[in-house]
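Undergrad:
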Amino acid sequence: MSAIAVATAGPACSSGQGSDASDSFYSYGGGGEVGGSDVQDTESDDGDDPCGGVTPCEDAIADIPITGGVGTASFPSAELDTSAWDAVGGTEIPGSASSENLVGTEDNDTIDALEGNDTIDGLGGDDLLIGGAGIDAIEGGSGNDRLEGGAGLDTLTGSAGTDLLYGGAGDDVIEGGADADVLLGEAQSDQLYGEEGDDRLFGGEGDDRLEGGTANDELWGEDGDDSLLGGFGSDSLIGGPGSDTLSGGSDDDVYYWRVGDGDDLISGEDSGSDTLWIGGYAVEQLSALRAGNDYLLILPDATIRIVGFYSNMNQIESIQTEL
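Plus 575 on top of the position in the sequence shown (first one is 1) and you've got the numbering used here.
#1: My guess is that Asp687 and Gly709 are in contact by the Cβ rule of under 8 Å, so how many angstroms apart are they, rounded?
#2: Under the three-state reduction of DSSP, which class applies to Glu859: helix, strand or coil?
#3: Distance, Cα to Cα, Leu821 vs Thr694?
#4: Apart from the five residues on each side of it in sequence, which residues of its chain come closer than 6 Å, Cβ to Cβ, to Pro930?
#5: In the DSSP assignment, what residue or residues form a beta bridge with Tyr870?
#6: Using the beta-carbon count (16 or more within 10 Å), is Asp876 buried or exposed?
#7: Less than 7 Å between the C-beta atoms of Leu803 and Gly796, yes or no?
#8: Over the uninterrupted beta strand (DSSP E) stretch that includes Glu793, give me the two end residues.
#9: Gln895 bridges to which residues according to DSSP?
#10: Can the beta-carbon of Glu681 be found closer than 7 Å to that of Leu698?
#11: Taking Gly772 and Ala755 to be in contact with their CB atoms under 8 Å, please state how far apart those CB atoms are, rounded to whole angstroms.
#12: Using 7 Å as the threshold, is the C-beta distance between Asp839 and Asp826 below it?
#13: From Trp832, Gly823 and Gly806, pick the residue whose C-alpha is nearest to that of Gly817; which is it?
#14: So what does DSSP say about Gln890, is it helix, strand or coil?
#15: Near Leu767, what residues of its chain come up, given a Cβ to Cβ distance below 6 Å and the 5 sequence neighbours on each side ignored?
#16: Could you give the distance in angstroms between the alpha-carbon of Ser734 and the alpha-carbon of Ser846?
#17: Is it buried or exposed for Gly787, if we count other Cβ within 10 angstroms and need 16 for buried?
#18: Is DSSP giving Asp613 helix, strand or coil here?
#19: Is any heavy atom of the ligand FMN found at a distance shorter than 6 Å from the C-beta of Trp795?
#20: For Gly752, which of Ile713, Ser886, Gly883 and Gln763 has the nearest alpha-carbon?
#21: Taking the alpha-carbon positions, what's the Ser658 to Asp798 distance?
#22: Find out if the Cβ-Cβ distance for the pair Val882, Ser848 is shorter than 7 Å.
#23: Would you mind giving the Cβ-Cβ distance between Leu898 and Tyr856, rounded to the nearest angstrom? I have them listed as a contact below 8 Å.
#24: State the beta-bridge partners of Pro816 as determined by DSSP.
#25: According to DSSP, is Ala708 part of a helix, a strand, or is it coil?
#26: Rounded to the nearest angstrom, what separates Asp729 and Leu740 at their Cα positions?
#27: Which class does Gly847 belong to by DSSP, given the choice of helix, strand or coil?
#28: If we count the other Cβ atoms within 10 Å of its Cβ and call it buried at 16 or more, is Ile879 buried or exposed?
#29: Buried or exposed, going by whether 16 or more other CB atoms sit within 10 Å of the CB of Val834?
#30: May I ask you to report which of helix, strand or coil DSSP gives Ser658?
#31: When burial is assigned at 16 or more other CB atoms within 10 Å of the CB, is Glu892 buried or exposed?
#32: How about Gly743 and Gly716: do their beta carbons lie closer than 7 Å?
#33: Look at the Cβ atom of Gly781, then the Cβ atom of Ser764, and state whether they are nearer than 7 Å.
#34: Measuring only the C-alpha atoms, how far is Asp661 from Glu667?
#35: Can you tell me which of Gly727, Ala762, Asp702 and Thr732 puts its alpha carbon nearest to the alpha carbon of Gly718?
Structure, rendered in structure tokens:
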């Protein structure tokens with residue numbers, strides 16, 4: 576295990592461009608610490624300030640334990656097995672092109688509201704509930720349900736049972752409820768709330784907000800500039816492409832970053848022992864600096880900012896690299 580030696584963003588970093596100043600930050604290998612006279616003035620290849628225009632701060636050196644070459648074994652799989660919901664549905668309750676209030680039974684129902692701004696309540700049983708086009712409000716009730724919002728601004732609520740909730744096109748609000756649910760946002764900017772149970776949340780395209788709630792959740796921001804909040808439990812947060820804001824919450828969380836992801840920000844008061852996993856790079860390809868109370872991890876094509884690291888509000892206890 577090695578240590579990351581963090582440089583201070585000094586006066587040279589208060590200028591926005593590398594062509595106007597010598598940008599001081601640490602670059603290091605996996606074998607030791609860098610400090611004092613070992614600090615070198617370095618500019619990024621394109622002439623931009625790798626410090627990102629940060630303001631000066633007091634001198635400080637901080638070490639974060641780092642382990643290289645851990646591989647990808649810990650990286651969560653995005654594969655989804657939805658076969659558990661293939662057999663849902665039963666008694667057909669048809670909708671129409673009008674706006675309707677459709678209520679199921681305590682048995683297994685299939686309700687397709689078609690067009691219109693509809694309200695659907697599945698009640699009991701393992702139901703298949705489809706909103707179709709329009710602004711729909713769909714509640715699964717008890718049982719293991721499959722909810723599909725379709726086009727439009729929909730609100731999906733799983734309630735009790737292990738549910739599959741698929742927002743479809745439009746800015747949707749999706750709530751899992753009790754038990755272990757799967758929430759899929761797809762296109763546009765969605766709000767996904769896992770609530771209870773070990774949930775899996777996938778934002779899809781757009782700038783999404785994902786909140787895991789209680790238990791041990793997986794949050795996948797996917798495309799767009801997303802906001803991910805793990806909540807209670809030991810959560811896995813994968814921002815994906817775009818500039819994402821990540822907060823694990825309580826317990827032992829893991830933040831995952833891979834080549835192709837954007838400039839991410841890790842924020843919020845965070846308890847537990849948390850890990851930042853870096854995919855596609857080795858230790859010697861990383862650099863780090865301090866900007867105020869923030870810790871900046873400089874990657875070859877992105878920067879990860881840990882807000883409030885030096886004020887003990889938001890700690891990352893270890894960093895791992897794939898290579």
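C-beta atoms are modelled at their ideal positions from N, C-alpha and C, and glycine is treated no differently.
TA: A quick look at the data gives this:
#1: Their Cβ separation, rounded to whole angstroms, is 12 Å, which puts Asp687 and Gly709 out of contact at 8 Å.
#2: Reduced to three states, the DSSP call for Glu859 is helix.
#3: Rounded to the nearest whole angstrom, the CA to CA distance from Leu821 to Thr694 is 33 Å.
#4: What is shown of the chain runs 576 to 898, which leaves residue 930 out entirely.
#5: Arg865 and Ile881
#6: exposed
#7: Note that the C-beta distance between Leu803 and Gly796 is below 7 Å.
#8: Glu793 to Trp795
#9: Thr642 and Trp852
#10: yes
#11: 4 Å
#12: At the C-beta level, Asp839 and Asp826 stay beyond 7 Å of one another.
#13: Trp832
#14: coil
#15: Ile749, Leu758, Gly760, Leu776 and Leu785
#16: Distance between the alpha carbons of Ser734 and Ser846 is about 29 Å.
#17: buried
#18: Confidence in Asp613 is poor, its pLDDT being 31 and thus under 50, which makes the residue's placement unreliable; the coordinate value appears in the next sentence. Asp613: helix per DSSP, three-state reduction.
#19: Ligands in the displayed structure: none, and consequently the ligand FMN is not present.
#20: Among Ile713, Ser886, Gly883 and Gln763, the Cα nearest to that of Gly752 is on Ile713.
#21: 25 Å
#22: Not closer than 7 Å, so no.
#23: Rounded to whole angstroms, the Cβ separation of Leu898 and Tyr856 is 6 Å, and the two are in contact under 8 Å.
#24: Answer is none; Pro816 lacks a bridge partner.
#25: coil
#26: 11 Å
#27: coil
#28: buried
#29: exposed
#30: helix
#31: exposed
#32: no
#33: Going by beta carbons, Gly781 and Ser764 fall inside the 7 Å limit.
#34: The straight-line gap separating the alpha-carbon atoms of Asp661 and Glu667 is approximately 16 Å.
#35: Nearest C-alpha to Gly718: Asp702.
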